[in-house]
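Chains A and S supply the protein sequences, listed in that same order.
Okay, so the first sequence: first residue is 2 according to our numbering, each after it adds one.
Okay, so the second sequence: first residue is 2 according to our numbering, each after it adds one.
Where is the CB? At the ideal position from N, CA and C, for every residue including glycine.
Protein chains: 2
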Amino acid sequence: MIRALTFDTYGTVVDWRTSVLDELRALADRKSLTLDCVAFLDEWKAAYRPGMDRVNRGESRWTTVDAMYRTRLEELLAKYGVTLATDEIDALTRVWWRLRPWPDALAGLRRLKQRYILSPLSNASFIGMVELARSAGLPWDCVITAENARCYNPRPEVYQTAIALLGLAPAEIMMVAAHNYDLAAARAEGMMTAFVPRALEYGLGQTTDLAPTQAWDVVAADFGELAVRLGC
Amino acid sequence: MIRALTFDTYGTVVDWRTSVLDELRALADRKSLTLDCVAFLDEWKAAYRPGMDRVNRGESRWTTVDAMYRTRLEELLAKYGVTLATDEIDALTRVWWRLRPWPDALAGLRRLKQRYILSPLSNASFIGMVELARSAGLPWDCVITAENARCYNPRPEVYQTAIALLGLAPAEIMMVAAHNYDLAAARAEGMMTAFVPRALEYGLGQTTDLAPTQAWDVVAADFGELAVRLGC
């Protein structure tokens, strides 16, 4: 009955935290900077949800997360007293296009693709998700992001856009995410739901999304278990 | 300077004519029907452009080509006196999701993908293009179709939607098509253009699109030559 799976990507498919930290540390080494990379990353990532919420509340026109990260990065470089050339700032912003998949992700996706249509359904920019897929080898059948809806999750239009583009009944599509709020919004639109917790997404001290907050249709430890549970 | 290639698909990437004819002939054999399959296909395909033009002129609300083909198929089955069950009509309509690539297409796309982002930019439905890619093994990085713009080529919104989603300058994207009118519309939006003639798209008697009607940026005999011309 399920024909397509849509995936949250940052945190669910890829490990953004250690990927970005590695690049920040390499930059600090290369530039001989004394930089608290963890604090820098936390402040950088903190731009994400408020920026999207401003778009969702209509307080800001459509803005990609790439543009939000770029603006915030410039502010943080000034705050931390780091001077970079424009092309270095561009390259560092694009770290969000070069994130590493979780160890189980690629093999799990390849198995799931044998039987289901696979698409991201991410807050990423469309080109950001395309570039991430090329960089990480994510075997999507298509790319659908918030940019297709021009608003961000958990707004219903995001899920409705995916449902409409895929031309399927909502119950023929399963949302896969490491975040309960995302699954709750997908379920409200009639989609099936799979929770794959990523307890290290925010590092060792993570306190959120360690367990399901509703009876999701599937709860799986990783994408390998998800594939088994979905008959692959 | 070119970073992405967008492809017309029906006729440019896949050989719809012999693919559909084979299925019609197999159906006629299976049902022991006396059916002029060429005439049937010509009348079926003839629904395509007028249906899209009605959407583009605002005379009909957004309708996928799948729905147009489905409606036309029912009319033709009645006209030709062929009785099929609903699931057989559904399956026959989906022949447009199971078309064969031209012999050079897959190898050429795989070479081009090493260097460029590849997307269809087709009048297909979004799900139709996803299913075609899965069936034929087309190695797209993403899928963009008229459904993303909710109108059909050669309306400028189709090309503008692709340019916006890819987040690139128009001149960083090359439209690849076997149809001059499509390239003319892409060029009008500032895109680069590659003409790959498909002299047998409409069979042996084809009289259209045998030669370029403008000085396109690239003219190539097939996707292998296109890859060479684009440095792959």
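8 Å contact criterion, which R99 of chain S and S20 of chain S should meet: CB distance rounded:
Yes, R99 of chain S and S20 of chain S are in contact; Cβ-Cβ is about 7 Å, under 8 Å.
Can you tell me where the beta strand (DSSP E) with V177 of chain A in it begins and where it stops?
Counted as a single uninterrupted DSSP element, the beta strand (DSSP E) harbouring V177 of chain A occupies residues 174-178.
Give the single residue among S:D9, S:Y203, S:W63, S:P104 whose Cα lies nearest to the Cα of E44 of chain S.
Residue S:Y203 holds the alpha-carbon nearest to the alpha-carbon of E44 of chain S among S:D9, S:Y203, S:W63, S:P104.
Which whole-angstrom value is the C-beta distance of I174 of chain S and T162 of chain S, which I expect to be below 8 Å?
Between T162 of chain S and I174 of chain S the Cβ distance is about 12 Å, and since that is not below 8 Å, they are no contact.
When DSSP builds the beta bridges, which residues end up paired with S126 of chain A?
Under DSSP, S126 of chain A takes part in no beta bridge, so it has no partner.
The ligand COA and A29 of chain S: does any heavy atom of the ligand fall closer than 6 Å to the residue's C-beta?
In terms of ligand content, the structure shown is empty, and the ligand COA therefore cannot be addressed.
Taking the alpha carbon of R50 of chain S as the point to measure from, which residue in S:C152, S:R230, S:L25 has its own alpha carbon closest?
It is S:C152 whose Cα lies nearest to the Cα of R50 of chain S.
Taking C-alpha atoms, which residue in S:P121, S:L78, S:G59 lies nearest to A106 of chain S?
Taking only the C-alpha atoms, the option nearest A106 of chain S is S:P121.
Would you tell me roughly how many angstroms separate the C-alpha atoms of P140 of chain A and L184 of chain A, rounded to the nearest one?
Distance between the alpha carbons of P140 of chain A and L184 of chain A is about 22 Å.
Which ranges does the beta strand (DSSP E) cover as unbroken runs of at least 3 residues, wholly within the region 159-229 of chain S, from first to last along the chain?
Taking only runs of at least 3 residues, the beta strand (DSSP E) segments lying wholly in the region 159-229 of chain S are 174-178, 193-196.
Have a look at S:A125, S:L211, S:M176 and flag the residue whose alpha-carbon is nearest the alpha-carbon of L166 of chain A.
Looking only at S:A125, S:L211, S:M176, the smallest Cα-Cα distance to L166 of chain A is reached by S:A125.
From S:L42, S:K114, S:R135, residue whose alpha carbon lies closest to that of L227 of chain S
Nearest to L227 of chain S by C-alpha distance, out of S:L42, S:K114, S:R135, is S:K114.
Consider the Cβ of F127 of chain S: report whether some Cβ of chain A lies at a distance smaller than 7 Å.
With 7 Å as the cut-off, F127 of chain S counts as an interface residue toward chain A.
Can you give me the Cβ contacts of Y81 of chain A inside the same chain, cut-off strictly under 7 Å, excluding the 5 residues immediately before and after it?
Residues L36, F41 of the same chain have their beta carbon placed closer than 7 Å to that of Y81 of chain A, with the five preceding and five following residues left out of the count.
Check whether the Cβ atoms of P171 of chain A and F196 of chain A lie closer than 7 Å to each other.
Going by C-beta atoms, P171 of chain A is not nearer than 7 Å to F196 of chain A.
Could you check the C-alpha separation between G225 of chain S and V15 of chain S for me, to the nearest Å?
Distance between the alpha carbons of G225 of chain S and V15 of chain S is about 15 Å.
What residue range is occupied by the uninterrupted alpha helix (DSSP H) comprising T94 of chain A?
For T94 of chain A, the uninterrupted alpha helix (DSSP H) segment begins and ends at 87-94.
For L6 of chain A, report the span of its beta strand (DSSP E) as first-last.
In the DSSP assignment, L6 of chain A falls within the unbroken beta strand (DSSP E) covering 5-8.
Nearest residue (CA-CA) to R164 of chain S, options S:D30, S:M193, S:M69
Rather than Arg, the amino acid found at residue 164 of chain S in this sequence is Ile. The candidate whose alpha carbon is nearest that of I164 of chain S is S:M193.
So, are the CB atoms of R73 of chain S and A108 of chain S less than 7 Å apart?
Result no, Cβ atoms of R73 of chain S and A108 of chain S do not sit closer than 7 Å.
How would you list, in chain order, the residues of chain A whose beta-carbon sits under 9 Å from the beta-carbon of I174 of chain S?
In chain order: nothing, as chain A lies at least about 11 Å away.
Would L211 of chain A and A222 of chain A qualify as a contact pair, given that the criterion is a beta-carbon distance under 7 Å?
Taking 7 Å as the cut-off, the Cβ atoms of L211 of chain A and A222 of chain A do not count as close.
Collapsed DSSP secondary structure at L119 of chain A in the structure displayed:
Looking at L119 of chain A - three-state DSSP - the assignment turns out to be strand.
Report the residue from S:F127, S:I90, S:L169, S:W97 whose alpha carbon sits nearest the alpha carbon of R18 of chain S.
Selected option, being the one with the closest Cα: S:W97.
I'd like to know whether the C-beta of G168 of chain S is nearer than 7 Å to at least one C-beta of chain A.
Yes, contact with chain A.
Beta bridge counterpart(s) of V15 of chain A as assigned by DSSP
V15 of chain A pairs with A:Y11, A:P102.
Just tell me which of S:D142, S:M130, S:L34, S:E132 has its CA closest to the CA of R116 of chain S.
Measuring from the Cα of R116 of chain S, the nearest candidate turns out to be S:D142.
Please compile the residues from chain S whose C-beta is within a distance smaller than 8 Å of the C-beta of N149 of chain A.
Close partners of N149 of chain A in chain S (Cβ separation under 8 Å): N149, L166.
Cβ atoms of R112 of chain A and C233 of chain A: under 7 Å apart, would you say?
The answer is yes: Cβ separation under 7 Å.
Min CB distance R135 of chain A to chain S below 7 Å
With its beta carbon less than 7 Å from one in chain S, R135 of chain A belongs to the interface.
Specify the secondary structure class of T65 of chain S as computed by DSSP and reduced to three states.
Residue state, collapsed to three classes: coil.
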